[in-house]
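Asker:
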Amino acid sequence: MEITYTNQQLGVPDVPTIPYIEGDGIGPEIWAASQQVMDAAVQKAYQGTRHIEWKEVLAGEKAFSKTGSWLPDETLAAFQTYRVGIKGPLTTPIGDGIRSLNVALRQTLDLFVCLRPVRWFSGVPAPVKHPEKVNMVIFRENTEDIYAGIEFELGKAETDKFRHFLIQEMGITKVRFPESTAFGVKPISKEGSERLIRAAIRYAISNHLPSVTLVHKGNIMKYTEGAFKNWGYKIAENEFSDAVFCWPTYLEIKKKNGKTAADEALANAKKQEKVIVKDVITDAFLQESLLHPDDHSVIATMNLNGDYISDQLAACVGGIGIAPGANINYDTGHAIFEATHGTAPDIAGTGKANPSSLLLSGVLMLDYLGWSEAGQLIERALEALMAEGKMTADLFSQTDHATLLTTSTYADELIKQIETAK
Ligand code: NAI
0 MEITYTNQQL
10 GVPDVPTIPY
20 IEGDGIGPEI
30 WAASQQVMDA
40 AVQKAYQGTR
50 HIEWKEVLAG
60 EKAFSKTGSW
70 LPDETLAAFQ
80 TYRVGIKGPL
90 TTPIGDGIRS
100 LNVALRQTLD
110 LFVCLRPVRW
120 FSGVPAPVKH
130 PEKVNMVIFR
140 ENTEDIYAGI
150 EFELGKAETD
160 KFRHFLIQEM
170 GITKVRFPES
180 TAFGVKPISK
190 EGSERLIRAA
200 IRYAISNHLP
210 SVTLVHKGNI
220 MKYTEGAFKN
230 WGYKIAENEF
240 SDAVFCWPTY
250 LEIKKKNGKT
260 AADEALANAK
270 KQEKVIVKDV
280 ITDAFLQESL
290 LHPDDHSVIA
300 TMNLNGDYIS
310 DQLAACVGGI
320 GIAPGANINY
330 DTGHAIFEAT
340 HGTAPDIAGT
350 GKANPSSLLL
360 SGVLMLDYLG
370 WSEAGQLIER
380 ALEALMAEGK
390 MTADLFSQTD
400 HATLLTTSTY
410 ADELIKQIET
420 AK
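Here the sequence shown is numbered in numbering that gives the first Met the number 0, starting from 0 and rising by one per residue.
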């Protein structure tokens with residue numbers, strides 16, 4: 000049955016149909032493991048009153064060999080209709096018009112939030128001293144910025160036209176070497192920024208999280224990244240005034256009535272469990288998130304910053320290979336949950352693949368459906384396994400005294416944990 004979406008609320012039947020793409024390379028192995036574990040968790044949590052009806056849809060190499068298309072229309076139609084789906088990694092086809100299947104999926108469904116929660120699992124080897132202090136949820140804007148793909152290559156006629164427009168018509172004199180410059184355009188819109196920041200603030204409020212940090216480089220890029228910050232504060236004040244306390248308010252009180260009064264107002268807001276909305280310049284954030292990661296909770300940022308930040312934070316918790324992700328349109332409810340790593344062709348078929356990224360994306364999906372009891376069972380099972388040092392080859396190789404599991408025995412162990420959970 001189809002999942003519905005009205006007034007920002009998903010309507011999830013007891014037996015929702017969920018389309019999935021198993022993916023290329025290690026995709027089939029990690030999908031098989033993840034599906035079994037998710038089914039076991041749903042069964043345990045709801046004792047047969049709920050289950051997922053999985054519907055395979057094709058994309059990537061499997062789609063190409065069966066249908067001649069890398070991304071058949073039926074696949075896009077299934078994600079449109081059933082609203083929530085999940086996917087393994089896909090090979091990026093070379094030279095036939097599609098830049099990336101992932102980008103095509105995101106654009107078609109206008110999945111404007113790239114959601115990346117980052118937390119540490121006890122037992123996972125991490126490069127920082129206190130990985131347990133890293134617990135953040137990144138809202139990365141997914142459709143705009145320098146990643147929009149508006150680029151002009153050196154030597155092309157269109158580039159000459161663009162250069163002419165900039166220099167002759169706009170009177171721009173700042174291009175250092177005009178004749179040998181390629182160009183990229185950075186679109187940052189009010190609508191695009193607002194919908195991303197709105198989703199981040201709503202998420203913080205409904206999950207009782209302490210803060211939203213707007214990360215930007217607005218000190219240099221005033222009209223794009225600076226505007227992102229300003230629109231963010233405006234939307235927080237205009238739409239969530241009862242539930243948030245914004246940093247500019249703190250500064251205003253401080254200016255008028257002194258630091259003690261401002262600190263008091265901030266303490267009061269925290270006591271009332273208001274979400275503190277603040278901002279940090281990107282380079283400072285990259286330092287701060289290493290030095291004081293527990294100062295930040297939900298992060299709202301643009302596409303390029305978000306790309307860097309997601310991987311840096313995932314690396315802090317040793318989780319670059321196990322980090323989950325989702326692409327979501329919070330206005331229509333459409334969402335695709337996905338492993339964040341690639342197809343790992345070097346280990347495909349060897350049983351070495353770690354299914355945790357896809358599985359944790361499944362946990363995110365279960366939470367999104369409101370089936371968090373099942374998601375928690377999986378998270379607790381993963382915590383137990385990692386704490387016991389039962390690991391797949393990627394993490395095993397970095398740990399002393401661990402037990403090596405294959406992709407499928409890892410799933411078996413997780414299912415055992417789930418079935419015997421109290
Ligand atoms: P990759 O993430 O596939 O592999 C990088 C390294 O990490 C390899 O050594 C691989 O063995 C290891 N690795 C990745 N996932 C693992 C897992 N679950 N368990 C254990 N080890 C794991 O990145 P690469 O090699 O750059 O890309 C391969 C293909 O994947 C390319 O076609 C690329 O375009 C595609 N790709 C697809 C993505 C997606 O569908 N979301 C994301 C990134 C890459």
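Beta carbons: idealized from backbone N, C-alpha and C, even for Gly. This structure is a prediction, so every number in the text was calculated from the model and none was measured.
Which runs of the alpha helix (DSSP H) at least 4 residues long sit entirely within the segment 161-238? Give them in chain order.
Answerer: 189-205 and 226-238
Asker: Kindly indicate the opening and closing residues of the alpha helix (DSSP H) around valine 102.
Answerer: For valine 102, the uninterrupted alpha helix (DSSP H) run begins and ends at 100-107, by DSSP.
Asker: Check glutamine 397 in the structure and name its three-state DSSP category.
Answerer: coil
Asker: Any heavy atom of the ligand NAI within a distance shorter than 7 Å of the CB on threonine 472?
Answerer: The chain is shown only over 0 to 421; residue 472 falls outside these bounds and no answer can be derived.
Asker: Looking only at DSSP bridge pairs, what is methionine 390 linked to?
Answerer: Bridge partners of methionine 390 according to DSSP: Leu403.
Asker: Can you name, in chain order, every residue of its own chain whose Cβ lies under 8 Å from the Cβ of alanine 226, other than the five neighbours on each side?
Answerer: Result list for alanine 226: Ile187, Lys189, Ser192 and Gly217, in chain order.
Asker: Quick check: what's the CA-CA separation for lysine 253 versus aspartate 262?
Answerer: Each residue's CA atom was taken as its position, placing lysine 253 and aspartate 262 some 8 Å apart.
Asker: Would you mind stating whether valine 274 and valine 243 have Cβ atoms separated by less than 8 Å?
Answerer: Cβ atoms of valine 274 and valine 243: closer than 8 Å.
Asker: Check whether the Cβ atoms of serine 296 and methionine 135 sit closer than 8 Å, and answer yes or no.
Answerer: Yes, the Cβ-Cβ distance between serine 296 and methionine 135 is below 8 Å.
Asker: Measuring alpha carbon to alpha carbon, tell me which residue in Glu224, Gly320, Glu372 and Leu289 is nearest threonine 339.
Answerer: It is Gly320.
Asker: Work out the CA separation of alanine 181 and threonine 259 for me, nearest whole Å.
Answerer: Threonine 259 and alanine 181: Cα-Cα distance of roughly 51 Å.
Asker: Can you tell me the Cα-Cα spacing of tyrosine 81 and leucine 312, whole angstroms?
Answerer: 32 Å
Asker: Exposed or buried, which one is serine 240 when buried takes at least 16 other CB atoms within 10 Å?
Answerer: If you draw a 10 Å sphere on the C-beta of serine 240, you find fewer than 16 other C-beta atoms in it, and that means exposed.
Asker: On the three-state DSSP scale, how would you describe tyrosine 19?
Answerer: strand
Asker: Span of the beta strand (DSSP E) holding tryptophan 53?
Answerer: 52-55
Asker: Does DSSP put asparagine 353 in a helix, in a strand, or in coil?
Answerer: In the structure shown, the three-state DSSP call for asparagine 353 is coil.
Asker: With H, G and I counted as helix, E and B as strand and the rest as coil, what does DSSP make of asparagine 326?
Answerer: strand
Asker: For the segment 206-217 and the segment 153-167, state whether three or more C-beta atom pairs, one from each stretch, are separated by less than 8 Å.
Answerer: no
Asker: Leaving out five residues before and five after proline 247 in sequence, what residues of the same chain have Cβ atoms less than 8 Å from its Cβ?
Answerer: Here proline 247 has Tyr232 as same chain residues with Cβ atoms under 8 Å from its own Cβ, once five neighbours each way along the sequence are excluded.
Asker: Closer than 8 Å by C-beta to asparagine 328: which residues in its own chain qualify, once you throw out the five before and the five after it? Chain order, please.
Answerer: Leu108, Asp109, Leu110, Phe111, Val112 and Ala334
Asker: Please report the straight-line C-alpha distance between glutamate 378 and tyrosine 409, rounded to a whole angstrom.
Answerer: Answer to the nearest angstrom: the Cα atoms are 14 Å apart.
Asker: Going by beta carbon distance, what residues of the same chain come within less than 6 Å of threonine 91, once the five residues before and after it are set aside?
Answerer: Ser99
Asker: Between Glu287, Gly374 and Pro344, which has its C-alpha nearest valine 133's C-alpha?
Answerer: Glu287
Asker: With respect to the alpha helix (DSSP H) encompassing valine 14, which residues constitute its N-terminal and C-terminal limits?
Answerer: Run containing valine 14: none; DSSP gives neither H nor E here.
Asker: Under a Cβ-count criterion, where at least 16 other Cβ atoms within 10 Å of its own Cβ denotes burial, should aspartate 13 be classed as buried or exposed?
Answerer: With fewer than 16 other Cβ atoms within 10 Å, it is exposed.
Asker: For leucine 376, count the other beta carbons within 10 Å of its own beta carbon; 16 or more makes it buried, fewer makes it exposed. Which is it?
Answerer: buried
Asker: List the whole-angstrom C-beta distance separating glycine 148 from proline 344, where the pair is believed to meet the contact cut-off of C-beta under 8 Å.
Answerer: Their Cβ separation, rounded to whole angstroms, is 26 Å, which puts glycine 148 and proline 344 out of contact at 8 Å.
Asker: Going by C-alpha to C-alpha distance, which of Lys415, Met385, Ile200 and Ala299 sits closest to threonine 402?
Answerer: Met385
Asker: Identify whether lysine 258 lies in helix, strand or coil by the three-state DSSP scheme.
Answerer: helix
Asker: Counting pairs of Cβ atoms below 8 Å between the segment 290-308 and the segment 53-61, do you hit three or more?
Answerer: The segment 290-308 makes no contact with the segment 53-61, as fewer than three CB pairs between them are under 8 Å.
Asker: Should valine 83 and leucine 368 be called a contact, given that it needs their Cβ atoms to be closer than 8 Å?
Answerer: Contact annotation: valine 83 and leucine 368 have beta-carbon atoms nearer than 8 Å.
Asker: Does the Cβ of methionine 0 have 16 or more other Cβ atoms within 10 Å, making it buried, or fewer, making it exposed?
Answerer: exposed
Asker: The beta strand (DSSP E) that contains lysine 155, what's its start and end?
Answerer: Premise fails: lysine 155 is in no beta strand (DSSP E) and is neither H nor E.
Asker: Comparing alpha-carbon positions, which option in Asp330, Leu404 and Gly388 lies nearest threonine 349?
Answerer: Leu404
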